[in-house]
Amino acid sequence: MRQILCGGGRFTEVDRILAAKERDPKADTTAWEREIDRLVYELYGLTEEGIKLV
């Protein structure tokens, strides 16, 4: 289940990261962070080449 930030919406992934870090500051949240990156790339319509530049 994911929600994209959009006019008052929210990022479910961000909530997961915050909850995990609250429970364990050393928690590995890289998978959720990569998912957020992917959603942002998709939102802006970036190509693989554009993503490499970012």
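Count the sequence shown with the numbering used here and you get residues 35 to 88, in order. Virtual Cβ for every residue (Gly too), placed ideally from N, Cα, C.
Taken atom to atom, the span from the alpha-carbon of residue 60 to that of residue 49 is near 16 Å. Non-local beta-carbon contacts of residue 83 in its own chain, meaning distances under 7 Å to residues more than five positions away in sequence, are absent. By the neighbour-count criterion, in which 16 or more other beta carbons inside 10 Å mark a residue as buried, residue 70 falls on the buried side.
Non-local C-beta neighbours of residue 66 in its own chain, meaning closer than 6 Å and more than five positions away in sequence, comprise 47, 50, 51, ordered along the chain. Contact annotation: residue 55 and residue 64 have beta-carbon atoms that are not nearer than 8 Å.
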